[in-house]
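*Asks:* Protein chains in written order, with our numbering: chain V, 1 to 394; chain L, 395 to 1115.
For each residue, glycine too, the CB sits at the ideal point set by N, CA and C.
These numbers were taken from a predicted model, which means no experiment stands behind them.
#1: Determine the extent of the beta strand (DSSP E) in which residue 742 of chain L is found, giving its start and end residues.
#2: For chain V, is any of its Cβ atoms less than 8 Å away from the one on residue 861 of chain L?
#3: Pull up the distance between the alpha-carbon of residue 1097 of chain L and that of residue 1082 of chain L, whole angstroms please.
#4: Shorter than 8 Å from the beta carbon of residue 735 of chain L to some beta carbon of chain V?
#5: Under a Cβ-count criterion, where at least 16 other Cβ atoms within 10 Å of its own Cβ denotes burial, should residue 378 of chain V be classed as buried or exposed?
#6: Measure the alpha-carbon distance for residue 468 of chain L versus residue 1040 of chain L and round it to whole angstroms.
#7: Starting from residue 522 of chain L and walking both ways along the alpha helix (DSSP H), at which residues does that stretch end?
#8: With a 10 Å radius around its C-beta and 16 neighbouring C-beta atoms as the bar for buried, classify residue 59 of chain V as buried or exposed.
#9: Taking a contact to mean a Cβ-Cβ separation below 8 Å, would you say residue 369 of chain V touches residue 869 of chain L in this structure?
#10: Which residues of the stretch 754-782 of chain L have a Cβ closer than 7 Å to any Cβ of chain V? Give them in chain order.
#11: Where does residue 71 of chain V land, buried or exposed, given buried means 16+ other C-beta within 10 angstroms?
#12: Alpha carbons only, please: which of L/522, L/444, L/1094 and L/450 is nearest the one belonging to residue 915 of chain L?
#13: How long is the line joining the alpha carbons of residue 988 of chain L and residue 1076 of chain L, rounded to whole angstroms?
#14: Cβ closer than 7 Å: which chain L residues qualify as neighbours of residue 150 of chain V?
#15: Would you mind sorting residue 780 of chain L into buried or exposed? The rule is 16 or more other CB atoms within 10 Å of its CB.
#16: Hey, how far is the Cα of residue 132 of chain V from the Cα of residue 714 of chain L?
#17: Taking residue 88 of chain V as the reference, which of V/156, V/280 and V/74 has the closest Cα?
#18: Any Cβ of chain L within less than 8 Å of the Cβ of residue 193 of chain V?
#19: Restricting to Cα atoms, I'd like to know which of L/664, L/1074, L/441 and L/873 is closest to residue 497 of chain L.
#20: Going along chain L, which residues have a C-beta under 9 Å from residue 153 of chain V?
#21: For my contact list, residue 1044 of chain L and residue 982 of chain L are in at a C-beta cut-off of 8 Å; report their separation, rounded to the angstrom.
#22: Residue 40 of chain V versus chain L: which residues are under 7 Å apart at the beta carbon?
#23: Quick check: the stretch 929-947 of chain L against the stretch 1058-1065 of chain L, are there 3 or more CB pairs under 8 Å?
#24: Exposed or buried, what is residue 1149 of chain L when buried is set at 16 or more other beta-carbons lying within 10 Å of its beta-carbon?
#25: When DSSP builds the beta bridges, which residues end up paired with residue 416 of chain V?
#26: Hey, would you say residue 264 of chain V sits closer than 8 Å to residue 228 of chain V, going by beta carbons?
#27: Mind reading off the beta-carbon distance from residue 656 of chain L to residue 663 of chain L? Whole number of angstroms is fine, and I expect it under 8 Å.
#28: Would you say residue 866 of chain L lies against chain V (beta-carbon separation less than 8 Å)?
#29: Mark residue 315 of chain V as exposed unless 16 or more other C-beta atoms lie within 10 angstroms of its C-beta, in which case mark it buried.
#30: Short of 7 Å in beta carbon distance, which residues of its chain neighbour residue 390 of chain V, apart from the five on each side in sequence? Order them along the chain.
#31: Are there 16 or more other CB atoms within 10 angstroms of the CB of residue 25 of chain V, so buried, or fewer, so exposed?
#32: Taking a contact to mean a Cβ-Cβ separation below 8 Å, would you say residue 505 of chain L touches residue 635 of chain L in this structure?
#33: Where does the unbroken alpha helix (DSSP H) through residue 347 of chain V begin, and where does it stop?
#34: Is residue 370 of chain V close to chain L, meaning its C-beta is less than 8 Å from at least one C-beta of that chain?
#35: Taking residue 660 of chain L as the reference, give the member of V/135, V/323 and V/262 with the closest Cα.
#36: Looking only at C-alpha atoms, which of V/320, V/174, V/305 and V/146 sits nearest to residue 280 of chain V?
Now the structure itself:
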């Protein structure tokens, strides 16, 4: 073998050292907190071209709010997606179609999920506790959340699921029969079956039944103002306080959701907010502080905020659950920012699900799951200091 | 420097001694390539399973891509020598590149997974397929390229060098690699350490070839240093490349059964197996549901069997003060990790048994008051064995008269989708065949309780009457498992849904359907495109290629089938499965030797037809044995079958090569058709034959494939021009 010369030897040695050095110096490109590098930037949905059925089926209604445009195009005005549909197209939420220049909802009177749930399950902790909500859902969602619990109906078209026939009057009748205090529009995204929801809610209101809107809050102001006239309470998700995460994990945008909170606050609707704490994405303390600061400044301190523990679900199955202490920490942060009622969900028997008076700090309601073994409220007043506790208690 | 380059090629004017030395050197190199490639293949399976969904689709896609790429690589070798004669110098340098690529690919898989796809999210079928194919491509193509290229190098020196010999040498390397990985490397080393060890022979073989030359050029030394440097860097980056986004990695090890990592995020510890979170120390709702739903039904449970469990479950079991708790977990390393991080609280009455659950039950006379299954979803052949009628019968035989058997599968929150409905119905109908009473409880996970005594759905009331305190059930049960939701589930059960059997795993079909539904995709485009491509390939193939295509198909198909049946009958016993795989590889070698001898005779075409006939007869014997003596078959039968079928298939390679003319283009075609057939055999048997036809018809299907190959031979489909 021919001996190598000094230059070759030096080159080889340098190459070896550079390689080892690079490895040790942490030049490995994959470090913590780099989720912004990961995956698609934006998973927002798109219109389904030429996907409308040939003819309308029984469960349809003309769109509540839309514009007719030239060439028989229409623009749906229900949510900020503002789907511009040519004849034969289907909306992002999958529920609306353009049939020859008219916008129709195909989710009207055909709920695919109907259950009777405790109101605490929504979660609504400050609205008529220990009552039940007759809960319905038709298909569709204007988001694409990767951790959706109800993806089989939220990410489905109306004709792809089994459904019951239950037009608005029937919903109200069944809710009353079931002894429910409220009707909840929930599970999938209620905004996408707006026409069904608002017609049912109007009848329910006349019948003395409450209406609960459980939503991602991605709705335009005009339909929301109409909705606020008939709903009694809402739980709206504030999925994060970062538009990039909204686009990446949920296929939505942040600002329209913030606008929804402002509108509901102006309209005096009782609402509670929910944030699912997803490890690695929505567990940033600074973001949570900023979010809570915004809430206090823009909505005041009285709207309850729920932090929910994440469990792997749907497409987001390769993440661990949220540590209980992260949620605890967020609760403290939120309260330090000034939010008076902060709750922790998906943590059985945690004191974070109890209600404490914001004035005297006494335990007002002890919650054990859906049970309420301790209730120290008298009407809407704290039994101990007579402070009014925000909410709808009777 | 054309003159110098000439020195690096074999030339007929070389002395015989030098030529013999070179031949030995190339032979060593080919064996080393075989060894390195099999280790790499097995490492890749682990890497992809850890990064993507570990279902039967992913497993099949990995083998499919590997084999197809091998076939394409063989074609590339032929194209390469048409442009430039094969040279020893390029062979050695490409071999070094292969060693470096092994490390680069593993690190690429780990890095790119979370850059291309969202961290923490599952990936659908088509992106998974693209990722597996794309990431396997560099190594797979080069690996497929090198074996025929080695032959061309040798034929530069000796034009009569038999192609089958290269096949045999590669096979020797494959056997060594398979045994080294399965019985040594996987037990002691991490993937990148395994790659380091498995590629050392390749580096040595390449160096020995070059050292035998008159001078060693710096270019080779640079390549060698580069390859060695990359292998060493791999060792340094092992743990770093596994660091999670959230929390920190506090434990990592490889077991025979998969990759175990423990992540810590604040106080939360989560054990991940193959990239999926399996156990955590804060999962009280799952712990309570899994244990109290079945145990609350029993008056006084003394003996309890848990097949799979996490820490909190044992604490719940302890509330019943049982006399004995047997916890079955096949992976010793996993329970060690659970104990080490206190994710398993040991009880005095706890017996941890490291055996396959099915094998354990088949071999014990012990009876239990409760048998509780806590396993992942049945989306692989291995897990599906615990959800079949045959296993339910086995469980019933080991229950005391009032005992309860329970298992859980993913359920629903508010709507039971059609695939989920079929899955639940199939399981319900299967359980009803063996138990008088079956109760399904709705939830995010649906719990099935099976017994010969009446069952009570009001778990909260049962627990209250027993004075057992729970955190989750006592507070949430009434709102989650309401009479209305119980009725909803009951109303959605379909009486005519087929049952799930060992021999016909209906559930796997449904799991495939569910997976595709989750990603709103359909396997149809892939199936149609694959079918068209296959048809085009077959139409353009010559008879010897069709024979080898069917041979490759049959050997991989029967290996998949036999492993599936073996696990059903004898449980997943690592060493035995390893032995079975080795036998399938080992038979090829004497087969190729025999074929090499037969080809020298004039009537090699008849020999080829005889082999085809014998393969069909061997498959027919397997079918007959499965139909008539299914439960009574012994392990030795499957080993014998594996050896026989691989021997006959191995025998066909030299014969088909001779039929094709034996020249370089023929060798490339034959190598390719064997690999493409093997790729199709893996995919079609795993994803179509077994789940949709069941094992009997799957065996018949393999026979048909071979009959098709034999017909091509008999009908004289166009031969060598």
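*Replies:* This is what the structure gives:
#1: Element bounds for residue 742 of chain L: n/a, residue is neither H nor E.
#2: So no, residue 861 of chain L is outside the interface.
#3: Residue 1082 of chain L has its alpha-carbon roughly 15 Å from the corresponding atom of residue 1097 of chain L.
#4: The Cβ of residue 735 of chain L sits no closer than 8 Å to any Cβ of chain V.
#5: Exposed is the call here.
#6: Those two C-alpha atoms are separated by around 21 Å.
#7: Residue 522 of chain L: member of the alpha helix (DSSP H) spanning 519-551, first to last residue.
#8: Residue 59 of chain V should be labelled buried.
#9: The answer is yes: Cβ separation under 8 Å.
#10: Those residues of the stretch 754-782 of chain L that come within reach of chain V (Cβ to Cβ, closer than 7 Å) do not exist; the list is empty.
#11: Residue 71 of chain V comes out exposed.
#12: Answer by Cα proximity: L/522.
#13: A straight line joining the alpha-carbon of residue 988 of chain L with that of residue 1076 of chain L spans about 26 Å.
#14: In chain order: 807, 808 and 809.
#15: Using a 10 angstroms sphere on the CB of residue 780 of chain L, the tally of other CB atoms reaches 16 or more, which defines it as buried.
#16: Distance from the CA atom of residue 132 of chain V to the CA atom of residue 714 of chain L, rounded to whole angstroms, is 34 Å.
#17: Residue V/74 is the option with its Cα nearest to residue 88 of chain V.
#18: For residue 193 of chain V, the closest Cβ of chain L is not nearer than 8 Å.
#19: For residue 497 of chain L, the nearest C-alpha among the options comes from L/441.
#20: Within chain L, the residues near residue 153 of chain V are 808, 809 and 811.
#21: Contact flag correct, Cβ pair sits at about 4 Å.
#22: The CB of residue 40 of chain V comes closer than 7 Å to the CB of 512 in chain L, given here in chain order.
#23: Cβ pair count under 8 Å is three or more, so yes.
#24: Since the first residue shown for chain L is 395 and the last is 1115, residue 1149 of chain L is missing from the structure and cannot be characterised.
#25: Because chain V is modelled from 1 through 394, residue 416 of chain V falls outside the range shown and cannot be assessed.
#26: Taking 8 Å as the cut-off, the Cβ atoms of residue 264 of chain V and residue 228 of chain V count as close.
#27: Confirmed, about 6 Å.
#28: Yes, contact with chain V.
#29: Buried.
#30: So the qualifying residues of the chain are 126 and 302.
#31: At residue 25 of chain V the pLDDT is 43, less than 50, meaning the model places this residue with poor confidence and gives no usable figure here.
#32: Closer than 8 Å, so yes.
#33: From DSSP, residue 347 of chain V is part of no alpha helix (DSSP H); its letter is neither H nor E.
#34: For residue 370 of chain V, the answer is yes, since a Cβ of chain L falls inside 8 Å of its Cβ.
#35: The option with the nearest alpha carbon to residue 660 of chain L is V/323.
#36: When only C-alpha atoms are compared, the closest one is V/320.
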